[in-house]
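Reviewing the structure listed below.
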Amino acid sequence: MSFSCVAASSPVHSVTGKACGWRRHTLACHLTANSHPFKSLHGCSASPSSLQDHQVHSEADYSAGKIEELKKNVGCTLSTDIHSTRSMVLVDTIQRLGISHQFEDELELILDRNPSAAQGDEDDLFSTALRFRLLRQRGYNVDTDVFHKFMDRKGHFKESLSKDLAGLLSLHEASYLGMRDEEVLSQAMGFSEEHLRRSMLNLQPVRAREVNLALEFPRQRRMVRSEARSYIGKYAQESGRISDVLQLATLDFNLVQSQLRIEIAVLRSWWKELGLAEKLSFARDRPLECFLWTVGLFPEPRFSQCRIEIAKTIAILLVIDDVYDIHGSLDELILFTDAVRRWGVEAMEDLPEYMKICYMALYNTTNEIGYRVLKEHGRCIIPELRKTWVDLCEGFLVEARWFSGGVVPEMEEYVGNGVTTAGTYMAFVHAFYLIGSGANKQSSDVVNSCPKLFTSAGRILRLWDDLGTAKVEQERGDVASSIDCYMKEGDGASEAEARLHIRSLIHSSWLDLNGEALAATSLPRSTVDAALNLARAAQAMYQNGDDGRLPSVDQHIHWLLLEPIPQDDHI
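The numbering used here numbers the first residue of the sequence shown as 95 and each following residue consecutively.
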């Protein structure tokens with residue numbers, strides 16, 4: 095029901111019976127939330143071999159030096175004629191390749207100092223829709239009036255546009271930045287989809303695949319790091335590719351991946367020392383999967399320490415979820431929930447032994463994160479962190495009572511509680527304080543109130559979780575998911591109909607999320623991006639369970655964390 099993809103495999107059932115979703119190598123360096131993106135690659139290595147250590151450092155030094163050289167070349171190109179469509183296309187390419195963190199100054203010059211989709215040398219459909227999408231992605235609430243010139247007197251998009259394939263693709267991608275009650279973008283989505291599907295009958299295979307990908311997985315909903323890996327290979331085949339951009343993207347991806355592997359070593363060491371997997375045989379043992387979630391939420395290199403700490407909280411969340419779902423009795427779960435409310439070593443005295451181990455892992459890890467925030471940012475945030483775990487455990491207890499009483503809740507009641515038990519609020523609050531930047535009183539008050547920005551992302555996570563895990567859970571004999579709730583309420587609706595309805599709810603939640611992202615001006619951009627990225631990661635992590643043709647979690651782990659891009663292919 096939260097940060098994970100596969101139901102727990104233990105055959106033991108408890109009062110809930112429903113498995114959730116979100117569901118030391120010595121390092122001679124200190125990773126911080128705002129450190130230089132590649133600083134951690136110098137002076138630290140997970141390998142005990144001095145020869146390997148030298149090789150790693152040499153490769154990192156070469157890559158970092160080459161990246162700086164390529165950045166200068168690409169930066170010059172990017173800063174030339176900033177009002178042109180060509181410049182906007184390059185911005186879009188840079189973002190898609192995952193290297194926008196290398197060009198913050200240039201992006202500020204192009205986008206932040208020119209926040210109008212109506213400005214530019216060209217005003218065709220492709221250019222207008224591209225500018226609109228890039229600026230909305232940047233946080234500017236550009237008005238949909240910019241598309242009126244492409245509509246007839248009846249308020250419909252002109253049929254003459256149906257022959258403009260590039261324009262239709264650009265319009266289609268822009269339409270997924272829409273909010274509720276934006277009729278123009280709703281029409282744009284329907285119009286572009288209709289004509290793009292028709293066009294596929296007459297396209298060459300490569301172009302047809304590009305169109306199909308846009309229709310099935312619009313850019314706004316793709317996980318950032320996964321899209322970068324995928325597009326690097328595609329960009330290498332494009333006739334209009336810029337060699338320096340391709341080389342920079344390849345080197346950057348591999349160097350960041352090297353940093354991620356160092357972070358994985360830190361996480362694995364912590365997990366092994368914690369010992370929960372050895373002590374609690376029923377609990378999930380998936381540190382890599384937990385870390386993949388954090389790469390989805392915080393893909394930029396500078397969030398290194400945040401990824402490690404949030405992965406720790408997700409790993410503990412999975413264990414606690416398994417306690418509630420497949421091991422604890424209802425009486426034991428009531429005791430555990432009360433202990434979390436009381437929050438202290440003395441609170442665990444009445445717990446059974448296996449719960450004491452779990453409780454202390456939660457208590458110590460939370461306090462350690464709180465100490466890190468106090469040391470680095472001067473804020474005491476233990477009460478805020480504790481509240482997120484109280485809310486989470488109380489939500490788990492609600493589900494335990496449902497299962498114990500054989501209750502299939504109403505759809506909205508289930509989803510509302512499921513947003514809490516997904517761990518969304520817990521992860522966002524921890525990350526907000528760990529990053530620290532922009533954490534003033536106003537933004538802290540907003541974050542601590544669990545704003546709609548968080549709940550919209552949480553609904554998408556909750557619903558994708560159900561689409562991805564319901565089949566496995568039904569085989570286990572588990573109880574209600576949102577699919578079951580809808581089938582109960584939908585007057586005999588089939589599972590297929592329920593799944594279509596859930597997908598429509600996900601789309602509606604995305605409209606809310608887009609709107610909240612634009613409205614959240616008091617929050618740091620890192621927090622807003624994390625909410626959007628959670629919704630993207632949820633689809634990437636769970637879509638295989640809904641459609642077996644799509645990549646699995648294990649494939650994502652291998653592709654994004656373990657397997658570098660062969661440099662000879664693109665350099």
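Glycine included, each C-beta is placed from N, C-alpha and C at the ideal position.
Small disclaimer: the values here were computed from a predicted structure and weren't measured.
Cα-Cα separation, residue i to residue j
{"i": "Asn-542", "j": "Arg-466", "result": "19 Å"}
{"i": "Ser-324", "j": "Arg-355", "result": "19 Å"}
{"i": "Leu-295", "j": "Arg-301", "result": "11 Å"}
{"i": "Tyr-234", "j": "Phe-197", "result": "19 Å"}
{"i": "Ile-204", "j": "Thr-179", "result": "11 Å"}
{"i": "Tyr-418", "j": "Gly-438", "result": "20 Å"}
{"i": "Phe-548", "j": "Leu-607", "result": "8 Å"}
{"i": "Cys-400", "j": "Leu-528", "result": "6 Å"}
{"i": "Trp-604", "j": "Glu-440", "result": "43 Å"}
{"i": "Ile-193", "j": "Arg-232", "result": "15 Å"}
{"i": "Ser-286", "j": "Leu-655", "result": "35 Å"}
{"i": "Val-513", "j": "Glu-163", "result": "46 Å"}
{"i": "Ala-455", "j": "Ile-414", "result": "10 Å"}
{"i": "Arg-274", "j": "Ala-590", "result": "26 Å"}
{"i": "Lys-373", "j": "Lys-366", "result": "11 Å"}
{"i": "Tyr-457", "j": "Leu-486", "result": "14 Å"}
{"i": "Gly-499", "j": "Ala-592", "result": "24 Å"}
{"i": "Lys-257", "j": "Pro-312", "result": "20 Å"}
{"i": "Pro-618", "j": "Val-523", "result": "12 Å"}
{"i": "Pro-381", "j": "Asp-539", "result": "31 Å"}
{"i": "Tyr-329", "j": "Leu-340", "result": "7 Å"}
{"i": "Glu-357", "j": "Val-168", "result": "29 Å"}
{"i": "Ile-188", "j": "Leu-386", "result": "23 Å"}
{"i": "Ala-614", "j": "Leu-412", "result": "30 Å"}
Alpha helix (DSSP H) segment containing residue i, residue limits
{"i": "Leu-388", "result": "One detail in the question is off: residue 388 reads as Thr in this sequence, not Leu. Where Thr-388 is concerned, the enclosing alpha helix (DSSP H) stretches over 381-391."}
{"i": "Gly-512", "result": "505-515"}
{"i": "Asp-199", "result": "198-201"}
{"i": "Asp-346", "result": "337-368"}
{"i": "Val-240", "result": "Val-240 -> no alpha helix (DSSP H), and no H or E assigned at all."}
{"i": "Ser-538", "result": "535-542"}
{"i": "Asn-458", "result": "447-471"}
{"i": "Leu-184", "result": "179-190"}
{"i": "Tyr-325", "result": "318-329"}
{"i": "Lys-481", "result": "476-498"}
{"i": "Thr-518", "result": "518-529"}
{"i": "Asn-608", "result": "589-613"}
Residue i classed as buried or exposed, judged by whether at least 16 other C-beta atoms fall within 10 angstroms
{"i": "Asn-638", "result": "buried"}
{"i": "Ile-659", "result": "buried"}
{"i": "Thr-222", "result": "buried"}
{"i": "Asn-511", "result": "buried"}
{"i": "Ala-611", "result": "buried"}
{"i": "Ser-375", "result": "exposed"}
{"i": "Asp-346", "result": "buried"}
{"i": "Pro-395", "result": "buried"}
{"i": "Pro-393", "result": "buried"}
{"i": "Cys-544", "result": "buried"}
{"i": "Asn-534", "result": "exposed"}
{"i": "Leu-594", "result": "exposed"}
{"i": "Gly-562", "result": "buried"}
{"i": "Gly-137", "result": "Low confidence applies here, because Gly-137 scores a pLDDT of 33, under 50, leaving its location unreliable; read the following figure in that light. Per the 10 Å Cβ criterion, exposed."}
{"i": "Arg-247", "result": "exposed"}
{"i": "Cys-474", "result": "exposed"}
{"i": "Cys-170", "result": "exposed"}
{"i": "Arg-292", "result": "exposed"}
{"i": "Gly-334", "result": "exposed"}
Cutoff 8 Å; reference residue i; Cβ partners in own chain excluding five residues on either side
{"i": "Ser-588", "result": "Met-581"}
{"i": "Ala-634", "result": "Arg-316, Met-317, Ser-320, Gly-390, Pro-645, His-650"}
{"i": "Gly-261", "result": "Asp-218, Leu-219, Phe-220, Ala-223, Leu-255"}
Rounded Cβ spacing between residue i and residue j (contact assumed at less than 8 Å)
{"i": "Gly-530", "j": "Glu-583", "result": "Actually they do not touch by this definition, with Cβ atoms about 44 Å apart."}
{"i": "Ala-359", "j": "Cys-384", "result": "Incorrect: roughly 14 Å between the Cβ atoms, too far for contact."}
{"i": "Ala-551", "j": "Ala-625", "result": "4 Å"}
{"i": "Leu-361", "j": "Ala-405", "result": "5 Å"}
{"i": "Glu-488", "j": "Thr-431", "result": "6 Å"}
{"i": "Ile-326", "j": "Leu-191", "result": "6 Å"}
Close beta carbons around residue i, own chain, < 6 Å, minus the five adjacent residues each side
{"i": "Ser-575", "result": "Asp-560, Ala-564"}
{"i": "Ser-269", "result": "Leu-279, Ala-282, Met-283"}
{"i": "Cys-579", "result": "Met-505, Tyr-508"}
{"i": "Arg-480", "result": "Trp-437"}
Residues near residue i by beta carbon distance below 7 Å, same chain, minus five either side
{"i": "Leu-429", "result": "Asp-444, Leu-445"}
{"i": "Asp-186", "result": "Leu-224, Leu-228"}
{"i": "Glu-426", "result": "Pro-446, Met-449"}
{"i": "Lys-160", "result": "Leu-345"}
{"i": "Val-434", "result": "Trp-483, Val-484, Cys-487"}
Short CB-CB distance (under 8 Å) between residue i and chain B
{"i": "Leu-386", "result": "In the displayed structure, chain B is absent; only one protein chain is listed."}
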